[in-house]
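Anchor point for the sequence shown: position 45 equals 46 in our numbering, and the numbering is continuous, going up by one each time.
Using N, Cα and C, we set each Cβ at its ideal position, and we do this for glycine too.
Source: prediction; values computed, not measured.
The structure appears below as structure tokens.
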Amino acid sequence: MVLFKPAKENPPCSPEMFDGQFALQKVLVVLALLCVPVMLLAKPIIILRSQNKSTEYSASHQQMQQATENGDAEQPIQNNTAQTQAASGGHGGGHGEHENAGELFIHQGIHTIEFVLGSVSHTASYLRLWALSLAHAQLSEVLWNMVLSKGLTMFDDWKGGIALYVIFSAWACLTVSILVLMEGLSAFLHTLRLHWVEFQSKFYAGLGHGFQPFSFELLLDPASGTGETD
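Now the structure itself:
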């Protein structure tokens with residue numbers, strides 16, 4: 002758990018597992034926050050710089066080719082015309098570059114928001130599983146204190162055995178229905194959500210081939226078509 006608030010001391014237990022744990026928690030939170038602008042800006046900036054370098058290299062390469070083809074006498078004229086064309090083309094293509102830059106930043110911003118919200122959702126899901134484990138302990142303690150323990154202290158004579166038999170039946174039914182069925186099903190659904198939905202959200206992009214169920218008709222149609230042509 003990464004928390005800014007220090008845990009309460011409960012002697013003889015220590016609130017920290019090791020020395021400097023609270024300072025390390027603060028450092029991890031600050032690093033996580035600093036990774037957000039890096040994730041948002043690093044990829045678009047690197048892509049734009051690589052695009053600018055490629056355009057500059059292509060423009061200089063074209064000028065060199067024109068100079069070698071037309072000769073040294075016509076090199077200043079060709080350089081001037083190439084510079085004017087590059088300036089006019091750069092001015093006209095600047096809007097396209099700005100549009101591409103805007104699309105890059107918007108796309109990366111969407112991915113950053115999805116990643117940050119997904120991280121919060123994953124943490125909340127693990128906290129829910131932790132809360133479910135605490136709920137199991139609390140429910141078992143409530144069933145013991147409110148049901149079974151009263152059957153043990155209700156009567157001192159032979160009636161206590163009959164009462165304990167009835168109360169044990171009620172306690173067993175409540176234990177199976179509440180703890181085993183309801184809490185087990187809830188824990189199973191949360192675990193399935195963690196292992197499938199949220200785990201896949203970190204890697205799955207849906208860029209592969211669509212699922213096609215197996216069918217003999219799809220296999221026989223091309224075969225029948227080739228047989229008829231033969």
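Query                                                                                                                                                    : Result
Would you give the residue range spanned by the alpha helix (DSSP H) that residue 191 belongs to?                                                        : 185-193
How many angstroms separate the CA atom of residue 102 from the CA atom of residue 178?                                                                  : 58 Å
For the pair the region 159-170 and the region 126-139, tell me if three or more CB-CB distances fall below 8 Å.                                         : no
Do residue 180 and residue 122 come within 8 Å of each other at the CB atom, strictly closer than that value?                                            : no
Are residue 8 and residue 16 closer than 8 Å when you measure CB to CB?                                                                                  : yes
What does the alpha-carbon distance come out to for the pair residue 115 and residue 47?                                                                 : 21 Å
Rounded to a whole number of angstroms, what is the C-alpha to C-alpha distance between residue 171 and residue 186?                                     : 21 Å
Tell me, please, which residues DSSP counts as bridged to residue 11.                                                                                    : 14
Based on Cα-Cα distance, which residue from 192, 189 and 41 lies nearest to residue 110?                                                                 : 41
The alpha helix (DSSP H) spanning residue 159 covers which residue range?                                                                                : Taken as a continuous stretch (DSSP letters only), residue 159 belongs to no alpha helix (DSSP H), as it is neither H nor E.
My guess is that residue 136 and residue 184 are in contact by the Cβ rule of under 8 Å, so how many angstroms apart are they, rounded?                  : 7 Å
Only counting the same chain, and skipping five residues up and downstream in sequence, which positions put a Cβ closer than 6 Å to that of residue 233? : Residue numbering for the chain in the displayed model covers 2 to 231; residue 233 lies beyond these limits and cannot be assessed.
Could you give the residue range of the alpha helix (DSSP H) that holds residue 150?                                                                     : 150-154
Buried or exposed: which applies to residue 152, given that a residue is buried once 16 or more other Cβ atoms fall within 10 Å of its Cβ?               : buried
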